[in-house]
Amino acid sequence: MPEKDIVRVIIVDDDSDTRKAIKDLIRFEERIEVVGFASNGEEAIRVAQETKPDVAIMDINMPDMDGITATERIRKKVPFTRVVILTIQNDPNYMRRAMIAGATDFLSKPPHLDELITAILRAGQMAAEDRKKAAAVLPAYSMDSAQAGSSPALQKGKIITVYSPKGGVGCTTLATNLAIALKKADNKVLIVDGDLQFGDVAIFLNEQGRNSLYDLTKRAEELDPEIVEEVVTTHNRSGIHILSCPPSPELAESITADQFKLTLQFLQQMYNFIIVDTASYLTETVQAALEISDYILLVATQDIPALRSCSVFLTIANESKIIDRVLFVLNRFDNRLKLTAETISERLHHPVIGTVVLDERNISYSVNRGTPFILENPTLLASRNIHNLVDQIQNRIQQDETTSSERELVGRK
């Protein structure tokens, strides 16, 4: 059989006898090759990143990290690896959680030979199809380099959620201009209207698509790049893609947090940057976006109610262990006021990474025209502020990736 048809597998179980038994079960199947083993969740993530298998056979009960959590993290880091869960638990809730985490199949333990072989080959076929679809949509991605362990052109996009606990501070204005500023010739940018009931991202960009976020979330567990391409709208002037909010509150209410989360995680495989504009209320879908975001752009203005709300949110973010991902920005900034960026940073105990100047005339004009000011007038101080904000975000991404690489190197020594 040609090597390209072989399904590459890793086996994850905290019991060495079980790992051996599974290997022995499939050892005579010529279409399957075992390329690695792991005894716990953390090791499974590392082995998956190193070997980039087609399929991971995953035990659900492990001491350091359960198989569902390990599955979710593997699917984020190695998106083309499919996971087959093994468990002694015959609980529908486990199955639901496993599928939400990204598992392809769910087998009782110990598995029957025919069941296991069928599940592995089916998962391997799905992995192969995922790679082909991604290659068609993202021609810059090199499968050979991915198999060799080097970094592809687009490995996993960054989710940046623009949020403020106080409404009316200009989140949508920032989100739309930020998305356009992030768009370069060599990357793909998507803006998602996460204000599901009353979002107006499409209006701010003077675009109106036939489809919406609802058309993806209702198929969250079976998405592929072709479906996404059919649903998103392309902004003609900038080239960014737009995913509008549902056309009615009724459809918005039918979108669950899990569906929203799964959809965003899939979109990370297709875009370099995903900007999520949100409502000010901490709904379940907003919380889902904050939970999986790489960075949270917290927006405030120089007034006490907005700053007080942000202070409360920063306390929540600290308790929720997401404080390190919060990038604090002041919008409609007026340097004539006594509340300076330095003062606000000191009082809220969080650094301000950037400000966007108050410019009611030009910004209001651009909003009413449906043309972001960064396109309408690139020389505006506000436009330069947005580009500076992009520089700050990209510097932070580079710092975080350097730190992550250093930690991985230390962990391997």
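The sequence shown begins at 17 in our numbering and counts up one residue at a time. Positions of the beta carbon are idealized from the N, C-alpha and C atoms, including for glycine. Just so you know, these numbers come straight off a predicted model, no measurement behind them.
Terminal residues of the alpha helix (DSSP H) in which valine 328 lies: Where valine 328 is concerned, the enclosing alpha helix (DSSP H) stretches over 320–335.
Glycine 225 to serine 124 span [Cα, whole Å]: Rounded to the nearest angstrom, the two C-alpha atoms are 44 Å apart.
C-alpha distance - asparagine 384 paired with isoleucine 390, whole-angstrom precision: Asparagine 384 and isoleucine 390: Cα-Cα distance of roughly 14 Å.
Same chain only: Cβ atoms within 7 Å of leucine 396, ignoring 5 sequence neighbours per side: Answer for leucine 396: Asp375, Asn378 and Phe389, listed in chain order.
Closest residue to proline 265 among Ile207, Arg352, Leu343 and Gly215 (Cα-Cα distance): Nearest option by C-alpha distance: Gly215.
The beta strand (DSSP E) enclosing glutamate 49, as first and last residue numbers: Here the beta strand (DSSP E) through glutamate 49 covers 48–54.
Cβ neighbours of glutamine 421 in the same chain (closer than 8 Å, five flanking residues each side left out): Here residue 421 is serine; the residue named in the question, glutamine, does not match the sequence. Excluding sequence neighbours, serine 421 sits near nothing in its chain.
Cβ contact (3+ pairs, closer than 8 Å) linking the stretch 228–236 and the stretch 177–185: The way I'd put it, the stretch 228–236 doesn't touch the stretch 177–185; fewer than three beta-carbon pairs between them come closer than 8 Å.
Rounded straight-line distance, which links the Cα of glycine 173 to that of threonine 97: Computed Cα separation, rounded: 17 Å.
From Lys68, Ile291, Met74 and Gln281, residue whose alpha carbon lies closest to that of valine 208: Shortest Cα-Cα distance from valine 208 to any of Lys68, Ile291, Met74 and Gln281 involves Ile291.
Runs of alpha helix (DSSP H) lying entirely within the stretch 197–282, each at least 4 residues, in chain order: Counting only runs of 4 or more, we get 217–220, 229–233, 241–247 and 265–269.
Cβ neighbour criterion (16 or more within 10 Å) applied to lysine 354: Result: exposed.
Serine 254 versus glutamate 417: straight-line alpha-carbon distance, rounded: Roughly 28 Å between the two C-alpha positions.
Rounded distance between the beta-carbons of alanine 322 and lysine 182, thought under 8 Å: Contact holds; Cβ gap of about 4 Å.
Residues bridged to valine 23 [DSSP beta-bridge criterion]: Answer by DSSP bridge pairing, in chain order: Ile48.
Own chain, CB closer than 7 Å to glutamine 65, minus 5 neighbours either side, in chain order: Lys93 and Val94, listed in sequence order.
Backbone CA spacing between valine 315 and leucine 190 [nearest angstrom]: C-alpha of valine 315 to C-alpha of leucine 190: approximately 9 Å in a straight line.
Length of the line joining the Cα atoms of cysteine 187 and serine 296: Linking cysteine 187 to serine 296 through their CA atoms gives a straight-line distance of about 9 Å.
Element boundaries [beta strand (DSSP E), containing serine 12]: A question about residue 12 goes unanswered here, because the residues of the chain that appear run from 17 up to 429.
Presumed contact (8 Å Cβ cut-off) between isoleucine 101 and isoleucine 136, rounded CB distance: About 12 Å separates the two Cβ atoms, so there is no contact after all.
Residue environment, glutamate 238, which counts as buried when at least 16 other CB atoms sit within 10 Å: Taking a 10 Å sphere around the C-beta of glutamate 238, we find fewer than 16 other C-beta atoms and assign the residue as exposed.
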